[in-house]
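Novice: Residue numbers (my numbering): 227 to 1142.
We put the CB at the ideal spot given by N, CA and C, even for glycine.
Nothing here was measured: the structure is a model prediction, and the numbers come from that model.
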């Protein structure tokens, strides 16, 4: 360990994982030449591998740089301090190797702004170089906003550190070439005598740091970064893996890991996450709305208890007072608004939080609003008054503050709750290390409905609270790394591309204030809006070909104009009309050319029976419910985590209910076959009988609590007894709601990473076909496919070679809503959809021995019902009939024709045709 390393570690008060990372970093740098002109990547990779293997990096999964320059990933759990480690590495490179020039890349605008402050603002409490003599004057910060105007000092008089900070989206945007002009970052700057890009590229000592690098580890921007050819790269992330569909592929350049499980086991650096429920609580007896209310009340009680613990700790230990807040995660924006109305009402804790709650929603689908994250960051300030934050989809990097102590995920799955994204936002400790006070060191997660499932998931060896290494969970296929690819539709691949947007630019007028970059963004927006709007025309047509009719297409064009102008309010309608018309017209044509019209429908016979109920005496046997208890049970989410009780009965928040019986009535009216106008009297009579029974053993207050808390199970009991006392009023069937076509769903396919994507005509060993992905199709609705057997692949060859086949596809898993088993909701996934002149076939290739299987028969019956409904609808609207066929595997040959395969297996229709 060098003197500089010791000095930096002490001055910056590095934690043990940070010190170990810096120590490994020093050893790695000792194996590099630090001369871009002289380096040999193969030789340096060998030397670094030896260092990692032999000199102190424990259990390293390092295998490759993964770049055209030496690049290393340090995987540290959220809350450990990746930014401080970055600062320590920058300082070490400056002190030890005399490096002065750095490029830091951030994943979003919030982290970008934080990094500029932490690395360059000496007045910031989080300035990372505090205590280092060469950083008494902060580094020069050159950022994505000022690099075009900044005179970069290069004189030896100014040999201080210069840190270039870029948001990755800005870096990507400024690196794109424009028609007739070089990319903005590559344009000549007079004050430099060269472009900013060339300035960076020509720096002999440039080192790159990539924060939260899992966002852009495989991003196109890395081809640009490779061009910069830096001395070295450092990647910092808590999740060193690329997500491909449902699969995770770990980085190959990890040199150090300190996972969340390691942090929890060290009992020092992060809060202990614990999941809570109420004692003896039965969530299945609550409606969704009632369960939300109970979780909110209990979450706020935990919050109040935590507030008291933090206040007491601060007073007893002479520490700063920490003001905790609660994060409520809603399902969607409408749900968020309803929750906001609840917690800001006078009925919720007597109106205590009406001016202490903040709702943050994003108008963009699934997107983070950076200005909203900035508001969240302000919650850490001492003068913060907000105690409850309601949001949708904001559990992401960029705002892991120290005073988030309670998370209430409403209507989230257990797997969504037990993720590093969810837990990680509240792991930071306000005092730097654990205090020994459980309540001060705890992150509480309220989840009455998923309590047991979360605990079970946490106990699995691969869970984030037990998994020490990411690489130990890597996808494996015969010992080789597996990657997952999106098998996109040919329609999307043609239109969701820069080339389509580029075509549309020519339909935008030349407006002086519209810079080429702005014009490109508008064209891209028009393209995406057109793709969505044209596909939504299935609500206005009876046949897919109708989307090309001017009066129908006008609906989509108007929608494109409206959405584009909302995104770019400075534009005028005439500015985008021609562009919108061109985009919609081309999209509609591509839709009819490339897509098989699969009717969107729910095929379900509904017996809508109206019943008239008779008056009867309620059987109250077994109805002896007690109100739920207010004390809580918690379980720590860590290896060997304890389960404990928490008494919150002394805290306020008494549940106030108005007309609690209304909830039971609403649930009864939602039941099938309950006809309100004919049975309202009997319903109210039953409610009265139920209330009298409850009063026989409960106080009035507890009667109200049982009626509201147990409303679901009580409604079920009443309805079950009502069904024993009725007369049939009438019965009928409801028609299906069918649309002529549906969006083509994306499917995913896994392959061995080292494998190529094979041409579908290639001869492949049938035993390995399931692990391959194939391309080269001309008639298919997707660009690539996977096959489960040699028969399926051969049948695809038949379809491609058959001149009578117009289009075909292997549908994605969720393309059809065909259920063949009502008890298990099992979904049928057809093998092939094939379109010919007059008919669309749903085709299954099946082993002959399985033709009489009960499941095959059940699927066949459900598929035939779909085809019959689709045919009935299409024939009324000028579309094609549908038919279902099962073809035995031994009938399929590469030289077969579809006509003969069908003729052998399919009874011709009454017109005597096979649909050709």
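State the start and end residues of the unbroken alpha helix (DSSP H) segment that holds residue 786.
Specialist: To locate residue 786, count along the chain shown from 1; it is residue 560. First-last of the alpha helix (DSSP H) with residue 786: 776 to 793.
Novice: Under 8 Å, with one C-beta from each stretch per pair, do the stretch 303 to 312 and the stretch 340 to 359 reach the 3-pair mark?
Specialist: The stretch 303 to 312, when compared against the stretch 340 to 359, does touch it at the 8 Å Cβ threshold.
Novice: How about residue 659 and residue 304: are their beta carbons less than 8 Å apart?
Specialist: On the chain shown, position 433 is the one that residue 659 refers to. On the chain shown, position 78 is the one that residue 304 refers to. It is not a contact, given that the beta carbons lie outside the stated cut-off.
Novice: Output the boundary residues of the alpha helix (DSSP H) element that contains residue 641.
Specialist: As a first step, residue 641 is located in the chain shown; it is residue number 415 there, counting from the start. Element bounds for residue 641: 640 to 643.
Novice: What number of angstroms, rounded off, separates the C-alpha of residue 535 from the C-alpha of residue 243?
Specialist: Here the question's residue 535 lines up with position 309 in the chain shown. Here the question's residue 243 lines up with position 17 in the chain shown. Each residue's alpha carbon lies about 29 Å from the other.
Novice: Please list the terminal residues of the continuous beta strand (DSSP E) segment that includes residue 250.
Specialist: The residue given as residue 250 occupies position 24 in the chain shown. Looking at the DSSP string, residue 250 is not in any beta strand (DSSP E); the run it does join, the alpha helix (DSSP H), is 242 to 256.
Novice: I need the DSSP call for residue 754, collapsed to helix, strand or coil.
Specialist: As a first step, residue 754 must be located in the chain shown, where it is residue number 528. Residue state, collapsed to three classes: helix.
Novice: Could you tell me if residue 1143 is buried or exposed, where buried requires 16 or more neighbouring beta carbons within 10 angstroms of its beta carbon?
Specialist: Outside the shown range of the chain (227 to 1142) lies residue 1143, about which nothing can therefore be said.
Novice: Under a three-way DSSP split, which group does residue 825 fall into?
Specialist: Start at 1 with the first residue of the chain shown, and residue 825 comes out as number 599. Coil, per DSSP.
Novice: Here's a check: name, in chain order, each residue in its chain whose Cβ is nearer than 7 Å to the Cβ of residue 857, leaving out the five neighbours to either side.
Specialist: Here the question's residue 857 lines up with position 631 in the chain shown. The residues are 505, 871, 872, 873, 874 and 875.
Novice: Between residue 665 and residue 531, which are expected to be in contact by the criterion C-beta below 8 Å, what is the C-beta distance as a whole number of angstroms?
Specialist: The count along the chain shown starts at 1 and reaches residue 665 at position 439. The count along the chain shown starts at 1 and reaches residue 531 at position 305. Their Cβ separation, rounded to whole angstroms, is 7 Å, which keeps residue 665 and residue 531 in contact under 8 Å.
Novice: Would residue 1037 and residue 1059 qualify as a contact pair, given that the criterion is a beta-carbon distance under 8 Å?
Specialist: As a working mapping, residue 1037 is identified with position 811 in the chain shown. As a working mapping, residue 1059 is identified with position 833 in the chain shown. Yes, the Cβ-Cβ distance between residue 1037 and residue 1059 is below 8 Å.
Novice: Let me know if residue 732 comes out buried or exposed under the rule of 16 or more other beta-carbons within 10 Å of its beta-carbon.
Specialist: Translated into positions along the chain shown, residue 732 becomes position 506. Exposed.
Novice: The alpha helix (DSSP H) spanning residue 526 covers which residue range?
Specialist: Residue 526 sits at position 300 when you count from the first residue of the chain shown. Taken as a continuous stretch (DSSP letters only), the alpha helix (DSSP H) holding residue 526 covers 514 to 543.
Novice: Among 987, 950, 1127 and 936, whose alpha-carbon lies nearest the alpha-carbon of residue 514?
Specialist: Taking the chain shown and counting its residues from 1, one reaches residue 514 at position 288. It is 936 whose Cα lies nearest to the Cα of residue 514.
Novice: Here's the rule I'm using: 16 or more other beta-carbon atoms within 10 Å means buried, otherwise exposed. How should residue 852 be labelled?
Specialist: Working through the chain shown from its first residue, we reach residue 852 at position 626. That one is exposed.
Novice: Starting from the C-beta of residue 452, find all residues in its chain whose C-beta is less than 6 Å away, skip the five residues before and the five after it, and write them out in chain order.
Specialist: Within the chain shown, the letter at position 226 stands for residue 452. Excluding residues within five positions, the ones whose Cβ falls inside 6 Å are 294.
Novice: Spatial neighbours of residue 435 within its chain, please: C-beta separation below 6 Å, excluding the five flanking residues on both sides.
Specialist: Locating residue 435 in the chain shown gives position 209, where the first residue counts as 1. 312, 330 and 460, listed in sequence order.
Novice: For a quick check, are the C-beta atoms of residue 258 and residue 269 less than 8 Å apart?
Specialist: Along the chain shown, one-based indexing puts residue 258 at 32. Along the chain shown, one-based indexing puts residue 269 at 43. Not in contact: residue 258 and residue 269 (Cβ atoms no closer than 8 Å).
Novice: Need the endpoints of the beta strand (DSSP E) that residue 230 sits in, please.
Specialist: To locate residue 230, count along the chain shown from 1; it is residue 4. Counting along the chain, residue 230 falls outside any beta strand (DSSP E), though it belongs to the alpha helix (DSSP H) covering 229 to 237.
Novice: When DSSP labels each residue in this structure, what does residue 1065 get in the three-state scheme?
Specialist: Residue mapping note: residue 1065 aligns to position 839 of the chain shown, counting from 1. The answer is strand: DSSP assigns residue 1065 an E or B state.
Novice: Any chance the stretch 548 to 556 sits against the stretch 629 to 637, with 3 or more Cβ pairs inside 8 Å?
Specialist: Judged by Cβ distances under 8 Å, the stretch 548 to 556 makes contact with the stretch 629 to 637, as three or more pairs qualify.
Novice: Taking Cβ positions, are residue 320 and residue 274 nearer each other than 8 Å?
Specialist: Here residue 320 corresponds to residue number 94 of the chain shown, with the count starting at 1. Here residue 274 corresponds to residue number 48 of the chain shown, with the count starting at 1. No.
Novice: Starting from residue 561, trace the alpha helix (DSSP H) in both directions and tell me its first and last residue.
Specialist: Here residue 561 is taken as the residue at index 335 of the chain shown, counted from 1. Per DSSP, residue 561 belongs to the alpha helix (DSSP H) from 559 to 569.
Novice: Pick helix, strand or coil for residue 1120, following the three-state DSSP scheme.
Specialist: Counting from one through the chain shown, the residue named residue 1120 turns up at place 894. Correct three-state label for residue 1120: coil.
Novice: In or out: residue 348 buried (at least 16 other Cβ within 10 Å) or exposed?
Specialist: The sequence position of residue 348 within the chain shown is 122, counting from 1. By the neighbour-count rule (16 or more Cβ atoms within 10 Å), residue 348 is not buried but exposed.
Novice: Is the distance from the Cβ of residue 977 to the Cβ of residue 1002 below 8 Å?
Specialist: What you label residue 977 is simply residue 751 of the chain shown in a count that begins at 1. What you label residue 1002 is simply residue 776 of the chain shown in a count that begins at 1. Cβ distance not < 8 Å, so residue 977 and residue 1002 don't count as in contact.
Novice: Would you kindly check if the distance between the Cβ of residue 288 and the Cβ of residue 317 is under 8 Å?
Specialist: Walking along the chain shown from the start, residue 317 turns up at place 91. Walking along the chain shown from the start, residue 288 turns up at place 62. The answer is no: Cβ separation not under 8 Å.
Novice: What are the uninterrupted segments assigned as beta strand (DSSP E) that are 3 or more residues long and contained completely in the stretch 642 to 691, given in chain order?
Specialist: Within the stretch 642 to 691, the complete beta strand (DSSP E) runs of at least 3 residues are 668 to 672.
Novice: Would you report the Cα separation of residue 657 and residue 627, rounded to the nearest angstrom?
Specialist: Locating residue 657 in the chain shown gives position 431, counting from the first residue. Locating residue 627 in the chain shown gives position 401, counting from the first residue. Each residue's alpha carbon lies about 12 Å from the other.
Novice: Counting only runs that start and end within the stretch 1080 to 1130, where is the alpha helix (DSSP H) found for 4 or more residues in a row?
Specialist: For the stretch 1080 to 1130, whole alpha helix (DSSP H) runs of length 4 or above, ordered along the chain, are 1080 to 1102.
Novice: If I measure Cβ to Cβ from residue 340 and keep anything under 7 Å in the same chain, skipping five residues before and after, which residues do I get?
Specialist: Here residue 340 is taken as the residue at index 114 of the chain shown, counted from 1. The answer is none, since no qualifying residue turns up.
Novice: So the candidates are 721, 744, 629 and 432; which of them puts its Cα closest to the Cα of residue 529?
Specialist: To locate residue 529, count along the chain shown from 1; it is residue 303. Nearest C-alpha to residue 529: 629.
Novice: Can you tell me where the alpha helix (DSSP H) holding residue 814 begins and where it ends?
Specialist: Residue numbering aside, residue 814 sits at position 588 when the chain shown is read from its first letter. It spans 799 to 820 - the alpha helix (DSSP H) in which residue 814 sits, taken as one unbroken run.
Novice: Output needed for residue 539: all residues of its chain with C-beta closer than 6 Å, excluding positions within five of it in sequence on either side, in chain order.
Specialist: The residue labelled residue 539 in the question sits at position 313 within the chain shown. Counting only Cβ-Cβ distances below 6 Å, and skipping sequence neighbours, we find 663 and 666.
Novice: For residue 765, is the classification buried or exposed, using 16 other Cβ atoms within 10 angstroms of its Cβ as the cut-off for buried?
Specialist: As a working note, residue 765 is residue 539 in the chain shown. It is exposed - the Cβ of residue 765 has fewer than 16 other Cβ atoms within 10 Å.
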